[in-house]
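Take a look at the structure below.
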Amino acid sequence: MSGTSMTTRAWLLMLPLLAVMVAVIGWPLVDTVGLSFTDARLVGTAGNFVGIDNYVKTISGSNFLRSLSTTAQFAIISVFAEMVLGVLAALLLNQQFYGRTVLRGLMILPWALPTVVNATLWRLIYNPEYGALNAALTQIGLLDAYRSWLGEPATALASLIVADCWKNFPLVALIALAALQAVPRDITAASLVDGAGPFARFRFVILPYLAGPLMVALVLRTIEAFKVFDIIWVMTRGGPANSTRTLSILVYQEAFSFQRAGSGASLALIVTLLVAVLAAAYAALVRKTAGSNA
Amino acid sequence: MERKSVPFSLFIHACALLLAAVILAPLVWLFVMSISPAADLTAKPLRWWPQAVDFSRYGVLLSSIENSAGAAFVASLINSIVVAGMATIAALALAVPAAWAVSRTPAVGWSLYMVIATYMLPPVALAVPLYFGLSHLGLLNNVFGLALVYLTILAPFTTWLLKSGFDAIPREIEAAAMMDGAGLFATLRIITLPLAAPVMATSALFAFLLAWDEFFYALLFTSDLRAKTLTVAIADLAGGRVSDYGLIATAGVLAALPPVAIGLVMQRALISGLTSGGVKG
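Each protein sequence line maps, in turn, to chains L and F.
Once you know that position 62 of the first sequence is 62 in full-length UniProt numbering, the rest is easy, because the numbers rise by one and skip nothing.
Once you know that position 131 of the second sequence is 131 in full-length UniProt numbering, the rest is easy, because the numbers rise by one and skip nothing.
Structure (structure tokens):
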């Protein structure tokens with residue numbers, strides 16, 4: 001078959017997918033761009049063209065900057081913790097101990113637990129009056145009086161991050177473990193003969209094998225953490241005093257709670273742009289990591 | 001084999017115990033809450049194991065008596081199965097031909113990367129027009145409408161997984177079949193699709209899990225028993241109208257059972273799917 005007709009055939013086979021993607025992603029995205037220049041409401045008026053007013057108001061408003069900072073804190077701390085805990089757990093799971101197969105199997109459980117169920121579970125654990133965390137900490141004497149973990153701005157975000165990490169670090173661990181198992185035994189043995197200590201061995205022998213898969217996990221987790229909505233909505237709805245209001249929650253409130261579709265759209269596009277910049281930066285980093293390993 | 005000292009081995013076992021406790025404690029507690037009488041869950045000091053084990057909430061939630069908590073739960077359970085099932089089938093139907101085409105014809109690959117790049121889009125960037133669109137079509141609060149919206153997440157993801165699956169099947173096998181006179185579709189049916197069956201099954205399970213887990217669009221686009229999914233129903237329960245924490249925990253256990261079962265059975269395939277797709281790029 002000639003090259004041209006193969007290409008034509010390929011396009012024909014892709015047509016259904018592309019058509020649906022244009023309908024459910026392409027068109028809505030273009031429409032969001034259009035909406036972002038209007039003062040459209042969710043219900044009622046189609047809205048008038050207002051130029052870049054929405055963008056100016058959004059960027060100069062304090063809500064946006066505060067949400068951006070909350071989102072960055074959530075994403076950076078939880079992804080960093082997930083990577084560190086994930087690699088430590090993977091190094092452990094690569095050692096020999098009784099019950100290793102079972103423990104490796106258990107690691108899939110938090111990942112498989114639906115996000116909303118995870119959020120609900122931790123909300124019950126953090127319950128200010130009857131929660132297991134308060135009970136456990138007071139019963140072992142670490143806490144004098146019950147606290148409202150999700151009800152105080154000082155602890156709400158940290159509590160969310162713990163819940164998010166618990167669900168996501170096991171996946172990082174499993175990805176890292178798969179990479180560790182690909183490290184040839186000869187190499188670790190040779191480094192041992194050469195007198196490399198445990199840290200040197202990790203840094204120079206094992207880490208290069210982990211770098212690629214971990215970079216992919218890092219990219220995916222960061223993008224997901226930046227878009228975070230479910231766990232926060234179920235646990236705090238962005239409160240208390242907006243201390244956990246990430247960007248996605250802010251957009252939701254603007255577009256759907258306050259029904260300001262136009263200004264919500266402009267906010268959503270700013271978030272999209274930020275995620276795209278982040279992804280592009282990572283893509284460059286991934287290419288660099290891949291290049292240095294080749 | 002390197003020899004390990006006894007203290008090192010003890011240390012490793014202690015760490016393993018700690019890790020097991022960290023993973024299991026919240027999950028076991030979810031289950032214990034679901035079988036504890038309400039009084040035990042509000043006792044101070046808290047009872048960590050019920051005086052009398054009580055499985056009655058499972059019966060309550062899975063009953064279909066009209067206007068009961070059970071009827072609402074069962075309806076949302078069915079909606080979740082229907083929406084996730086339809087979206088998975090539709091996503092595979094779109095993704096299989098597209099993924100095969102890209103795998104065999106690299107010249108069209110850039111369009112796949114555009115499809116995959118949509119993964120970056122936060123759902124909020126599409127939510128308002130999708131809301132208007134569904135409302136215009138009369139598909140708000142409708143399982144078909146929600147399944148359609150789920151294609152925004154499922155279709156790119158399954159195409160990505162399937163493409164690396166087809167890449168692993170040598171073209172030479174297809175070429176040989178065609179040399180023997182099989183047409184394109186006969187070749188695909190007899191040779192390629194059976195060889196791709198494992199990766200198609202993994203993709204389908206992944207897609208189903210993604211749809212089962214989805215919350216944001218379901219929250220926006222459904223409002224009552226006709227289309228509300230399990231995730232929204234549970235968030236409603238957790239949102240405060242229910243005073244029996246055990247009932248919330250029971251709903252959580254039931255919603256978690258299918259994905260946890262899939263995860264345990266499919267662990268190996270799921271991990272290799274997650275890593276291979278990403279590493280090969």
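Quick reminder that beta carbons are idealized off the backbone N, C-alpha and C, glycines included.
Let me make sure I understand the geometry here. Which of V20/L, L17/L, T45/L has the alpha-carbon closest to that of R260/L? T45/L
C-beta neighbour in chain L for P198/F, strict 8 Å: no
Does the beta carbon of F64/L come closer than 8 Å to any beta carbon on chain F? In terms of beta-carbon proximity, F64/L stays away from the interface with chain F, with every pair separated by 8 Å or more.
Pick helix, strand or coil for T38/L, following the three-state DSSP scheme. Of the three classes helix, strand and coil, the one that applies to T38/L here is strand, per DSSP.
So which residues of chain L does D213/F contact, with C-beta pairs closer than 7 Å? P114, T115
Who does F49/L pair with in a DSSP beta bridge? T38/L
Does the separation of the CB atoms of L237/F and I248/F fall below 8 Å? yes
Burial state of K288/L, where buried means 16 or more other Cβ atoms lie within 10 Å: In summary, K288/L is exposed, with fewer than 16 beta-carbon neighbours lying within 10 Å of its beta-carbon over all protein chains present.
If you count every other CB in all the chains shown that lies within 10 Å of the CB of A117/F, and 16 or more means buried, which is it? exposed
Is it the case that the Cβ atoms of V149/F and G264/L are separated by a distance below 8 Å? No; because the gap between Cβ atoms is not below 8 Å, this pair is not in contact.
Contact under 8 Å by Cβ, S103/F with D167/F: yes
Measure the beta-carbon distance from I35/F to V53/F and round it to whole angstroms, keeping in mind my assumption that it falls under 8 Å. 5 Å
For chain F, check one thing: does any of its Cβ atoms lie closer than 8 Å to the Cβ of S248/L? yes
Measure how close the beta-carbons of A119/L and I231/L come, nearest whole angstrom, since I'm counting them as under 8 Å. 4 Å
Are the segment 184-191 of chain F and the segment 52-68 of chain F touching by the rule of at least three beta carbon pairs closer than 8 Å? no
Excluding five sequence neighbours on each side, which residues of the same chain lie with their C-beta closer than 6 Å to the C-beta of R268/F? Taking C-beta separations shorter than 6 Å and ignoring five residues to either side along the sequence, R268/F has no partners in its chain.
Taking Cβ to Cβ, would you say G263/F is nearer than 8 Å to I108/L? yes
By how many angstroms is the C-alpha of A154/L removed from the C-alpha of V84/L? 24 Å
So, does the CB of F144/F fall closer than 8 Å to a CB anywhere in chain L? By this cut-off, F144/F is not an interface position.
So which of M120/F, V108/F, G138/F, V96/F has the shortest CA-CA distance to R189/F? V96/F
So, for Y58/F: in the same chain, excluding its five sequence neighbours on each side, which residues have a beta-carbon less than 7 Å away from its beta-carbon? Closer than 7 Å at Cβ, skipping near neighbours: T250.
Please confirm if the segment 205-219 of chain L is in contact with the segment 83-90 of chain F, defined as three or more CB-CB distances below 8 Å between the two stretches. With fewer than three CB-CB distances shorter than 8 Å, the segment 205-219 of chain L does not count as touching the segment 83-90 of chain F.
Straight-line CA distance for A14/F to S111/F? 50 Å
Helix, strand or coil for L133/L per DSSP? helix
Classify E172/F as buried or exposed, calling it buried when 16 or more other Cβ atoms lie within 10 Å of its own Cβ. Exposed is the call here.
Return the residues of the segment 112-135 of chain F that lie within a Cβ-Cβ distance of less than 9 Å from chain L, sorted by chain order. L112, M114, V115, A117, T118, Y119, M120, L121, P122, P123, V124, A125, L126, A127, V128, P129, L130, Y131, F132, G133
Closer than 8 Å by beta-carbon distance: list the chain C residues that pair up with V149/F, in chain order. As a matter of chain content, chain C is missing from the structure shown, whose protein chains are L and F.
Determine the direct distance from the alpha carbon of L250/L to that of A107/F, and round the result to whole angstroms. 41 Å
Against chain L, which members of the segment 25-42 of chain F pass a CB distance test of less than 8 Å? Those would be P26, L27, W29, L30, M33, L41, T42, in chain order.
Cβ-based neighbour list, G165/F, same chain, cut-off 6 Å, excluding 5 preceding and 5 following: A196, V199
Contact under 8 Å by Cβ, I271/F with L174/L: yes
Against V277/L, what residues of chain F qualify as contacts under a CB-to-CB distance less than 7 Å, listed in chain order? Neighbours of V277/L on chain F: none; closest Cβ ~10 Å, over 7 Å.
If I follow the unbroken alpha helix (DSSP H) through Q73/L, where does it start and stop? 62-93
Using a 10 Å radius around the Cβ and a threshold of 16 neighbouring Cβ atoms, would you call N127/L buried or exposed? buried
Excluding sequence positions up to five away, which residues of its chain have a Cβ less than 7 Å from the Cβ of V115/F? P156, T159
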